[in-house]
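Contents: one structure, followed by commentary.
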Amino acid sequence: MVKNLVRRDIREFDPYKTNQIPYKIKLDANESPFDLPEKIRQKVVDFFLKGPELNLYPDTESTELRKILASYWKVDSDNIVVGTGSDQLIQVIINVFVEKGDKVICPMPSFGMYKINTIIGGGTPVEVPLKREEDFEYDIDLFIETAKKEKAKVVFLCTPNNPTGGSIPKADIERIVKECPNTVIVVDEAYAEFSKESSVDLIFKYDNLIILRTFSKAYGLAGIRCGYSLSCIEMAEELSKVKPPYNISSLSQYIAILTFKEREIIDKQVEYLIEQREYLMRELKKIDKIHVYPSQANFICFEVPDASLVHKKLEAKGILVRSFGNAPVLGNCIRISVGSKEQNDILLKELSECLK
1 MVKNLVRRDI
11 REFDPYKTNQ
21 IPYKIKLDAN
31 ESPFDLPEKI
41 RQKVVDFFLK
51 GPELNLYPDT
61 ESTELRKILA
71 SYWKVDSDNI
81 VVGTGSDQLI
91 QVIINVFVEK
101 GDKVICPMPS
111 FGMYKINTII
121 GGGTPVEVPL
131 KREEDFEYDI
141 DLFIETAKKE
151 KAKVVFLCTP
161 NNPTGGSIPK
171 ADIERIVKEC
181 PNTVIVVDEA
191 YAEFSKESSV
201 DLIFKYDNLI
211 ILRTFSKAYG
221 LAGIRCGYSL
231 SCIEMAEELS
241 KVKPPYNISS
251 LSQYIAILTF
261 KEREIIDKQV
271 EYLIEQREYL
281 MRELKKIDKI
291 HVYPSQANFI
301 CFEVPDASLV
311 HKKLEAKGIL
321 VRSFGNAPVL
331 GNCIRISVGS
341 KEQNDILLKE
351 LSECLK
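In full-length UniProt numbering, the protein residues as written are 1 to 356.
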């Protein structure tokens, strides 16, 4: 009965689920292996001891957080909109710009919420495949051609791309933005700290560009659900119209501010993870039956003969990784988060055993 009342276009949706099984090593969700630094933990404790006023609604404008972010990026606070992770901002963008039947260009494979939010918002996702035979590179000409042909309202670009790990050169991003002036170009930079590349400065040249950033990856704050967008002020004003009020809790805002102020600690953690990523890639290439795709993120995608079987074997050993099984374009691929040296060495040992 209930299913008959559900919209036809989402009846067959599968709810987003994550592994909730016991594990020894968790490398399946691109999370940081580093928890909150002790220095920040103590300040959070002090925050509660002094009375966090949780009986009151949080600052709906995330004023202090936006001010600190604006200072770092050398923009105005009004260029920034804060959301509960990039996910909410993707939904906000769809709600603002996409009407029923409008086309939205999504890379494939990439972050699934681009397509899901498009469908929920009444738009039509148009997937443009990445070139697997060329290490999942973006076909820039095809993206521009498709956007123009479909009269796309929005184009999503993910760099470094999740789950494949490759980046789009800044010149190519600018070319897409420039050649599609009547389309909103969204560049998801969730993993950009690990590639050390960004297109944020382009928001001063193009009013159809939105950059998404997050505290979930490099800052190790996936648990507080906080992300933000950077764009021209006019664009930010439009996004703010549909952003839910009080969307970021007082505690999340406070922790994000504290952590952003301690970027020296975060920068050292990022450098460590980049070193471990390069180490992992070198060692994975030494294992028979594995093809490793280049990565500039905090995860690595590689191909094995039977991803589902390898996934089950690792899971039985308490190691969680992300398997794509027989998924389109990603058949027999596995994605692993870059962990600590100890975690990575255990993974390499057990993976070698699984493939013998």
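Glycine included, each C-beta is placed from N, C-alpha and C at the ideal position.
Quantities reported herein were computed from a predicted structural model and do not represent experimental measurements.
Cβ distance (whole Å) where residue i is taken to contact residue j below 8 Å
| i | j | result |
| --- | --- | --- |
| S216 | G227 | 7 Å |
| K153 | V104 | 6 Å |
| I257 | I93 | That pair is no contact at about 25 Å. |
| I346 | I25 | 6 Å |
| F111 | D188 | 7 Å |
| F34 | G220 | 5 Å |
| I40 | E262 | 6 Å |
| F143 | V155 | 7 Å |
| I265 | P37 | 5 Å |
| P163 | C301 | 5 Å |
| Y23 | G318 | 5 Å |
| E350 | L314 | 6 Å |
| T118 | P125 | 4 Å |
| G122 | V96 | Going by Cβ atoms, the distance from G122 to V96 rounds to 13 Å, so no, they are not a contact pair. |
| L56 | Q253 | With 8 Å as the limit, L56 and Q253 do not qualify as a contact, their Cβ atoms being about 13 Å apart. |
| S86 | A190 | 6 Å |
| A316 | I334 | 15 Å between Cβ atoms; not a contact. |
| N28 | V321 | One detail in the question is off: residue 28 reads as Asp in this sequence, not Asn. The Cβ separation is near 5 Å, so the contact holds. |
| V292 | M281 | 6 Å |
| N344 | Q276 | 6 Å |
| C180 | A147 | 5 Å |
| L212 | L89 | 6 Å |
| I10 | I185 | Going by Cβ atoms, the distance from I10 to I185 rounds to 26 Å, so no, they are not a contact pair. |
| D207 | M235 | 6 Å |
Boundaries (first-last residue) of the beta strand (DSSP E) holding residue i
| i | result |
| --- | --- |
| residue 359 | Shown here, the chain extends from 1 to 356; a query on residue 359 therefore has no answer. |
| E127 | 124 to 129 |
| M1 | No beta strand (DSSP E) contains M1, which DSSP labels as neither H nor E. |
| C232 | Here C232 belongs to no beta strand (DSSP E), and DSSP marks it neither H nor E. |
| K349 | Premise fails: K349 lies in the alpha helix (DSSP H), 341 to 354, not in any beta strand (DSSP E). |
| L27 | From DSSP, L27 is part of no beta strand (DSSP E); its letter is neither H nor E. |
| P107 | 103 to 108 |
Residue range of the alpha helix (DSSP H) that includes residue i
| i | result |
| --- | --- |
| K178 | 170 to 179 |
| K43 | 38 to 49 |
| V96 | 85 to 97 |
According to DSSP, residues forming a beta bridge with residue i
| i | result |
| --- | --- |
| C333 | E303 |
| K148 | Paired residue(s): none; K148 is not in a bridge. |
| K115 | Answer is none; K115 lacks a bridge partner. |
| R157 | With the sequence shown as reference, residue 157 is identified as Leu, and Arg is not the correct amino acid for it. DSSP lists V187 as partners of L157. |
| V82 | Y228 |
| E137 | K131 |
Closer than 9 Å to chain B by CB, residue i
| i | result |
| --- | --- |
| T183 | The structure shown contains no chain B, having only a single protein chain. |
Residue i CB to nearest heavy atom of the ligand NAD below 8 Å
| i | result |
| --- | --- |
| F215 | The model depicted lacks the ligand NAD and carries no ligand whatsoever. |
Discussion item. Quick check on the DSSP output: what are the complete beta strand (DSSP E) runs of length 3 or more inside the segment 257 to 324, in order along the chain?
Written reply: 299 to 303
Item to complete: Evaluate the contact criterion for the segment 156 to 171 versus the segment 185 to 195: three or more CB pairs, one atom per stretch, below 8 Å.
Response: Three or more pairs of CB atoms, one per stretch, sit closer than 8 Å, so the segment 156 to 171 contacts the segment 185 to 195.
Fill in: the segment 199 to 207 touching the segment 334 to 342, judged by at least three CB pairs closer than 8 Å
no
Practice prompt. Examine the Cβ distances between the segment 77 to 87 and the segment 228 to 235 and report whether three or more of them are shorter than 8 Å.
Written response: yes
Fill in: Segments of 3+ residues assigned as beta strand (DSSP E) that fall wholly inside the segment 187 to 231
209 to 214, 227 to 231
Practice prompt. Evaluate contact between the segment 165 to 175 and the segment 64 to 79, counting only Cβ atoms and requiring at least three cross-stretch pairs below 8 Å.
Written response: No, the segment 165 to 175 does not touch the segment 64 to 79.
Worksheet item: Any contact of the segment 277 to 288 with the segment 236 to 253, i.e. 3+ C-beta pairs under 8 Å?
Response: When Cβ pairs closer than 8 Å are counted between the two stretches, the segment 277 to 288 is seen not to touch the segment 236 to 253, the count staying below three.
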